[in-house]
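Colleague: After the structure tokens below, expect a handful of questions from me.
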Amino acid sequence: MSNDQHLRQLLSHIDGRGYKDYKQIKGSYEFSDFNLYIDHVQGDPFALPSKVRLRVDQKRAQIPAGLWTNSVRQVALEDFIARAIRQSVQDLVSPKKGSGKSGLVFIDAGQQEVLERTAVIITEDWVETRLQVGLPAAGRRILGKQAIKILCQEIPQIVEQALMWKNLDHKQCRTFVECVENQETIYQQLDRLGLVAFVANGSVLPRDSGISDLPLSGSQVVDFQAPESLETSIEVPNHLPSGETIIKGMGIPKGITLIVGGGYHGKSTLLKALEKCVYAHIPGDGREYVITTRDAVKIRAEDGRRVEKVNINPFISNLPQEISTDSFCSEDASGSTSQAANIMEALEIGAKLLLLDEDTSATNFMVRDARMQLLVHKDQEPITPFVDRVRE
1134 MSNDQHLRQL LSHIDGRGYK DYKQIKGSYE FSDFNLYIDH VQGDPFALPS KVRLRVDQKR
1194 AQIPAGLWTN SVRQVALEDF IARAIRQSVQ DLVSPKKGSG KSGLVFIDAG QQEVLERTAV
1254 IITEDWVETR LQVGLPAAGR RILGKQAIKI LCQEIPQIVE QALMWKNLDH KQCRTFVECV
1314 ENQETIYQQL DRLGLVAFVA NGSVLPRDSG ISDLPLSGSQ VVDFQAPESL ETSIEVPNHL
1374 PSGETIIKGM GIPKGITLIV GGGYHGKSTL LKALEKCVYA HIPGDGREYV ITTRDAVKIR
1434 AEDGRRVEKV NINPFISNLP QEISTDSFCS EDASGSTSQA ANIMEALEIG AKLLLLDEDT
1494 SATNFMVRDA RMQLLVHKDQ EPITPFVDRV RE
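Each position in the sequence shown, counted from 1, maps to that position plus 1133 in the working numbering.
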């Protein structure tokens, strides 16, 4: 393994040459506190950025083993560190300069959800992060000095700030990990309690805007409060912000649940939160204690979607021209046939909870009122409404 001085010399040597000469730096380099692995070098400044790994021995990182004693905690900790690295990149890396993706440093740290990723890996021996780095160029000429600044100055600073336990926010990290573990505990108890979802009191369900997944803020925010008839208490292993270990909220029981209310009263907002919360969420999201069974599927009409060999016969039959609905195919499905196909596909893959919003459903698929039944006799109507099948 070469050292960081050798990398500096290589970059100085190829400064000003054609971009292809960056291929010479592929390999591994030992720095004082970590190892740098350059696994893939982009062939052009406009191509996808180069792929690098930064690995720190646990003896140096000193991340407490208690923070990743199980798989849930490990996913949470890795997610937290990925976010810390992203913040360090924003704080330490100079603004992008040069052609194409020159100077770009990127980590896939996600948004509001906490997911298992490969951006950060923690083991007993080391902690590793994977970044994308746009090697700098002017046109297609190597900017060696700028590359030295990124790889030999800024990246070591990122390692020091975000991969060393001594420099991380200990309280914030523990709170993050414990919050995610609490969410998993609630999920594990849903089935025993006969529930498909749980919405904690005090949750903030509305989002900041139609294009943002951040929580709405300001005086107009109304925190969620469970109706007394549906209020449930669940014990969690770690202390909540209130200091308690019992969380209260609305438990949605197995079976058919209808959310009713006037316009602008939050029906779709609640349903959207349930849809999103098959995943854990970060502390402060507002939905971190909204938990939905993971085999839930959002169902909607999708006019124009392609359907291939789906049995929609439970909902649609006796189509004109004797078109089979046992193995229905269409290049341009209608609202009702697309929604029927969506339901049958969801059931086929094992979905146990279907989420439907009337705003995005085909009305003629959902219900057929008495007047319509008088206008069109049942024998002439191919669609069996969802409300007629929902209890089967």
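Each residue gets a CB set at the ideal place from its N, CA and C atoms; glycine is no exception.
Bear in mind the structure is a predicted one, so any value in this text is a computation, not a measurement.
Going by the CB atoms, is the gap between L1338 and G1396 shorter than 8 Å?
Modeller: Their beta carbons are not under 8 Å apart, which means G1396 does not touch L1338 by this criterion.
Colleague: Could you check where the beta strand (DSSP E) with D1341 kicks off and where it finishes?
Modeller: Per DSSP, D1341 belongs to the beta strand (DSSP E) from 1340–1342.
Colleague: Is it a yes or a no for the segment 1281–1292 touching the segment 1196–1208, going by three-plus beta-carbon pairs under 8 Å?
Modeller: Contact between the segment 1281–1292 and the segment 1196–1208 is absent, because fewer than three Cβ pairs lie under 8 Å.
Colleague: Could you name the residues that DSSP lists as bridge partners for D1190?
Modeller: According to DSSP, D1190 bridges with W1259.
Colleague: Run through DSSP, which three-state label would Y1320 get?
Modeller: Three-state result, Y1320: helix.
Colleague: H1139 lies in the alpha helix (DSSP H); which residues open and close that run?
Modeller: Taken as a continuous stretch (DSSP letters only), the alpha helix (DSSP H) holding H1139 covers 1137–1146.
Colleague: Say whether the segment 1297–1312 touches the segment 1172–1179, bearing in mind that this needs 3 or more beta-carbon pairs closer than 8 Å, one atom from each stretch.
Modeller: Taking 8 Å as the limit for Cβ pairs, the verdict is that the segment 1172–1179 does not touch the segment 1297–1312.
Colleague: Scan the segment 1398–1455 and note each continuous alpha helix (DSSP H) run of 4 residues or more that stays entirely inside, going in chain order.
Modeller: Here the runs fully enclosed are 1400–1409.
Colleague: Can Q1265 and F1239 be called in contact, C-beta distance under 8 Å?
Modeller: A contact, by the Cβ cut-off of 8 Å.
Colleague: Name the one or two DSSP bridge partners that S1161 has.
Modeller: S1161 is bridged to Y1170.
Colleague: Spatial neighbours of Q1294 within its chain, please: C-beta separation below 6 Å, excluding the five flanking residues on both sides.
Modeller: Result list for Q1294: S1221, N1300, in chain order.
Colleague: Tell me the rounded alpha-carbon separation between G1468 and D1436.
Modeller: Their Cα atoms are separated by approximately 5 Å.
Colleague: Straight-line CA distance for V1247 to V1354?
Modeller: Roughly 24 Å separates the two Cα atoms.
Colleague: Out of A1474, R1433, V1430, K1431, which has the shortest C-alpha to C-alpha gap to S1450?
Modeller: Residue A1474 is the option with its Cα nearest to S1450.
Colleague: Going by DSSP in three states, K1184 sits in which element: helix, strand or coil?
Modeller: Of the three classes helix, strand and coil, the one that applies to K1184 here is strand, per DSSP.
Colleague: CA-CA distance, R1524 and P1348?
Modeller: Answer to the nearest angstrom: the Cα atoms are 35 Å apart.
Colleague: Between K1278 and D1148, is the Cβ-Cβ spacing less than 8 Å?
Modeller: Contact: yes.
Colleague: With a 10 Å radius around its C-beta and 16 neighbouring C-beta atoms as the bar for buried, classify D1137 as buried or exposed.
Modeller: D1137 comes out buried.
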